[in-house]
Every structure is written in C-alpha cells, then in structure tokens.
Amino acid sequence: MEKILTRTGVLYALLVCVVAAIAAAADQAFAIQMTIVAAAICAALWFTVRSADFDAIAQGVFKMPVDQSVYDDDPVRWGVIATLFWGLAGLLAGLFIALQLAYPVLNIEPYLNFGRVRPLHTSAVIFAFGGNALIATSFYVVQRTCRARLAFPSLARFVFWGYQLFIVLAASGYLLGISQGKEYAEPEWYTDWWLTVVWVCYLIVFVATIVKRKEPHIYVANWFYLAFIITVAMLHVVNNLDMPYSIFGSTSYPLFGGVQGALVQWWYGHNAVGFFLTAGFLAMMYYFVPKQAERPIYSYRLSIIHFWSLIFLYIWAGPHHLHYTALPDWAQTLGMVFSIVLWMPSWGGMINGLMTLNGAWDKVRTDPIIRMMVMALAFYGMSTFEGPMLSIKAVNSLSHYTDWTIGHVHSGALGWNGMITFACVYFLVPRLWKKERLYSLRMVNWHFWLATLGIVFYASSMWVAGVTQGLMWREYGADGYLVNSFVDTVVAVKPMYWMRAFGGGLYLIGALIMSYNVWSTIAGKRREEAEMSYPAYNPEADRPAIPATAN
C-alpha cells in the first residue's frame, strides 16, 4: 500500500507540473503535446488506483507474473502487438506520401502535407515498428540465453509504456509542425529528454538481466543487442545537445551548427542505420534463424569476428553522406574508405546466417518463415554491397540527391528489417500465446510473395528513377548549358512514382494479411490446410509414354 501511495503522489506532482506547463505554454503545439503527456499520466494514475484492490492477478496491464518458474513475457507480448500496430501505421503513412509524390493534389495543408507526413513515416517504421520489435525480441532473447527472468520487471514495463509515449509525442509533433529539421532526429528537446530516460532504463534492465544470468556464456546475440543499446544512447545524446528557447515552448537551438552540425548529424544518421537497423536486427538473426532452422549457428568464431569488425568500422562511415559538400575532403575520403571496408564484415554476417541452413535447405521449400529469413539475409547482403558502392565518390556523383538513394534505403528497410521482423513475429506468436502453430502457414506464404514482389517493384522503380535523374541533371548541351530543367526530370520519373506506390501497396497488403493471421492465432483459431510440402521426385514417373505394341 505504501508503494501505491508513493507512486500516486509522484504521479499527482507530475500532473500538476504538466498542467502548469500547459497554462504557461509559449505556443499552441507545445500545449497540445503537454496535454498528451497529461493524458498519459492520468492513465497511469488510473491503473495505479486500480491496483489498490490487493489482487495481484487482476491487475490488467501492469500485473506482475506470480509464477517465478516461467519467463516474464508480458512486455514481449505487448511489444509484438505494438510492432504490428505501428508497422501498419508506418506503412500506411508511407503509401500516402508515395501517392502524394505521384498525385500532388493529395498534399492536404497544413497537417497532412508531404513535409510533415514524411518524417511521420520514417519515424513510425524505424523507431515505432523497428524499435518495438527490438525491445520485445531483446527481452525475449536475453531471458532465454541467460536462463533468467527479466531484472526489475516494473522497470521493464516502464520501458515499454514510456517508449509508446515517446512515439505518440514524436508522431503528433510532426503533424503539428514541431521538428528540429534533423533527419531521423526530428523530435524536439523535451521528447528527446524523455527518450533518454526511457533508454537508460532499458539499458539497466538488459544489463542487470545479463548480470544475474544462470548461463556462464553470453551468447553473441546479446553482444549485438548491447552494442545497439549503448551506441544508440551515445548517438542520441550527442546529436540532440540543444538549448531550449523556453522551457514552456517547443523550439530549441542546436549546440552544433554549420559543417560541424552536418557532420554530427550524419555521424548520428548513418550510425542509427548501423546500430539501430543493423546491429539490433543482426541480434535477432543470430538467435531466431538457428532456432527456426533447428541448427547451430554455422560459425560462432565468425560471429565474434563479425561483431567486433562491424562495431569498429561502422562508427567511421558517416561522412559518405556528405560527399561534394563543405565537409573537408579528407573527412569525405575517410568515410568512403571505411564504408568500402565495411562490406567485408557485413557479408561475413550474411554468409554466417545463410550457411546455418546447411543440411536444412529443404526447409526453404517447406517453411515460409525460414524462406522469409533467407530473403531477409539476401537483401541484407545486397544492401551492404550497394551501400559501399554508393559511397565511392565517382558513383556518388551520379546517385547523390536522387531516388537511387531512396531505392537503396528501402531495399534494406523493407527487405532486411521488414522480412526478419515478420519472420521473428511469426516465430514468437505461437510460443508467447501457447498455441500449437500459427493460424495459417499458407497466409505466411502469401505474405512472403506479396512482400517480395512489393520490394521488387519499389526498389527497381527507384533505381531506374535515380539513374534517370542523375543522368538528366548532368547533361550539358553544345553551348555549355544544362539541357534539362528540373521539371523535365520530374516528368520523366513520374511513371516510376506510380510503380513505387504500387509496390508499397503490395507490401502493405502483405502486412495486413500478417496482422489477421497473428490476431487469429492469438484468438485460438486454426485454419485447416494441407501441409506446405511437395511430393518427392519420382524418376520412374518422369518418362515419356510408350505406345502399346500391336499384337
């Protein structure tokens, strides 16, 4: 009871502070954001008061597991559901802005114009979809590989709900026009501070669980998760060193400016890709691929080499985003060299994942979840080859500022991050909700092919559009003037924008099928269907018909 009273008092004090901030708000957007925070505090108060009935089993959302002999999977379950919800929201926003580029009349001012919805899309798919997947899977993996329950279960629940509040604050801020103007780091100062608190708590829960482990060995997946958590914390803090204009306003000024600000921003931006979208998802690969394939990882030694080389090299590669800018040439060259070298450890990880299927390649034919994992690794390999290639200055002179970069990013995001996340969710759902199998493996197969076809349409259209733009922008006439105006390039790539929207639509349909499949599995439904296997090859049946001889 004392804990409940203390928690209630703290929440009431916070609510008073937030209400005061709303009253003193320097701008309307800040007042709206603080209203969202006040609503979150009221929800926390409601759940806290509910817990005063002393019935720990009936606590609803914030209940603590009573049985200490089972893993603490409540935050994992919530994370899986949040991953699906935010994934659909992010993909829908992406389809909307793709249609805006193809059909500009869809730019609805001011709240739904391209400039506000585009960061909503990127943050939704990276931080909401990808972030929830990483938090959920890390809580699942660290418990199994350490054979220990989550340390500080209350703090783990705070991490989940606190992260959802960050997502809501960031998303609503974009639509209200609140932005720092930094790619992948658009949220303003107070949202950044809140995420820092949540992230430090996440680190505490993860490290404390490893410290209390019952297994002497720390499995390599936990190394990748830990690198992702620590490095993202460092990147986030340094890139968001800002001075608020007012503690009651939504505006701040960055500590770094000019070329230094650009370098810090792309040190952050590239390593957000490197550690959030690569290291974290490699941790998922190193645990879930061997589990689904029922094979040990191909080479544990290679995984250790992969880890340390990736950690050392990735952090230096950011300057390749600033080729042909005011950044000193030596820094651009440094970024290019490290980017090219980065190709080797990246492919080492891909090969390690694919070779884990040695002796189980038949599962690619019969298991659509394994098929998704293999496709994810294939796209990881393609993206980590294309990235170093695009960092070469001669190639970058053609690709920079074009849609080729968009195609490169989405082949990795949709192919690597999306596919491996989908596969992990399919793996987790029956186990978390104690079901024998998924509602329908045939639906998983449909999802796989729709997603793959969608990626092909999306990436290929952007590659064609990017090369077209690059060539048209550099075309000079005999008089030394540019041949094409900017509008000419827009008209030339318009069909590619429609093709991109079509590919994104296919990918979204696949995600909707997945959501129905997962929901039906959780509800306990099971679709009767034939096993996904094919008859063995019969050489005797593979012969031409011999006409009967006349008697």
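Count the sequence shown with mature numbering (1 follows the signal peptide of the UniProt record, and there is no 0) and you get residues -25 to -1, 1 to 526, in order. Using N, Cα and C, we set each Cβ at its ideal position, and we do this for glycine too.
A Cβ-Cβ distance of about 7 Å is found for the pair Q8 and S225, placing them in contact under the 8 Å criterion. Residue pairing of D167 in beta bridges, as defined by DSSP: absent, with no partner found.
Contact annotation: the segment 157 to 165 does not touch the segment 191 to 199, with fewer than three C-beta pairs closer than 8 Å.
If you check the CB distance, I101 and V134 do not come in under 8 Å. Contact annotation: S321 and T359 have beta-carbon atoms nearer than 8 Å. At a Cβ-Cβ threshold of 8 Å, T396 and A108 count as neighbours.
With respect to M350, G390 sits close: the two C-beta atoms are nearer than 8 Å.
In this structure T496 is buried. Its beta-carbon is surrounded by 16 or more other beta-carbon atoms within 10 angstroms.
CA-CA distance, A(-1) to H211, rounds to 26 Å. Closest in C-alpha terms to F461, from the list M471, V92, E450, comes E450.
Taking a cut-off of 8 Å for Cβ pairs, the segment 484 to 503 and the segment 89 to 104 do not touch, as fewer than three such pairs fall below it.
Judged by pairs of C-beta atoms under 8 Å, the segment 234 to 241 touches the segment 287 to 297, as three or more such pairs exist.
Per the C-alpha coordinates, the member of M447, F89, I185 positioned closest to T120 is I185.
Taking the Cα of Y491 as reference, the smallest distance to any Cα among V465, L416, T427 is reached at L416. Residue state for D217 is assigned as strand, using DSSP reduced to three classes.
The residue among F287, L483, V116, P94 with its C-alpha nearest the C-alpha of M259 is V116. Residue pairing by DSSP puts L87 in a beta bridge opposite I83. N214 counts as buried, since no fewer than 16 other beta carbons sit within 10 angstroms of its beta carbon. Taking 8 Å as the cut-off, the beta carbon of A398 is found no closer than this to the beta carbon of L63. With the rule of 3 Cβ pairs closer than 8 Å, the segment 124 to 134 does not count as touching the segment 266 to 286.
The Cβ neighbour count for A15, taken over all protein chains shown within 10 Å, is at least 16; the residue is labelled buried.
Excluding sequence positions up to five before and after D48, its CB lies within less than 6 Å of the CB of L407, all in the same chain and listed in chain order.
Residue nearest to W53 within the set L332, W136, E361, L352 is W136 (criterion: CA-CA distance). Closest in C-alpha terms to F313, from the list V172, L352, G236, N246, comes N246.
Contact between A13 and V(-7) holds: their C-beta atoms lie close to 6 Å from each other, under 8 Å. When rounded, the separation of the alpha-carbon atoms in Y433 and G479 is 7 Å. Put simply, the backbone Cα of H298 is about 6 Å away from that of Q307. For P320, the uninterrupted alpha helix (DSSP H) run begins and ends at 318 to 330, by DSSP.
Scanning its chain for C-beta atoms nearer than 7 Å, with the 5 sequence neighbours on each side dropped, one finds around A476 the residues L70, A73, L74, A77, in chain order.
Looking at the backbone, the Cα of L66 and that of L403 are separated by about 22 Å. A direct Cα-Cα distance of roughly 24 Å separates K157 from K368. Between I11 and S227, the CB-CB gap reaches or exceeds 8 Å.
The Cβ atoms of L277 and N333 lie no closer than 8 Å to each other. Judged by DSSP secondary structure, S227 falls within the beta strand (DSSP E) whose first and last residues are 227 to 229.
For T496, the uninterrupted alpha helix (DSSP H) segment begins and ends at 461 to 497. Apart from the 5 residues on each side of it in sequence, M330 sits with its Cβ closer than 8 Å to the Cβ of Y273, S274 in its chain, given in chain order.
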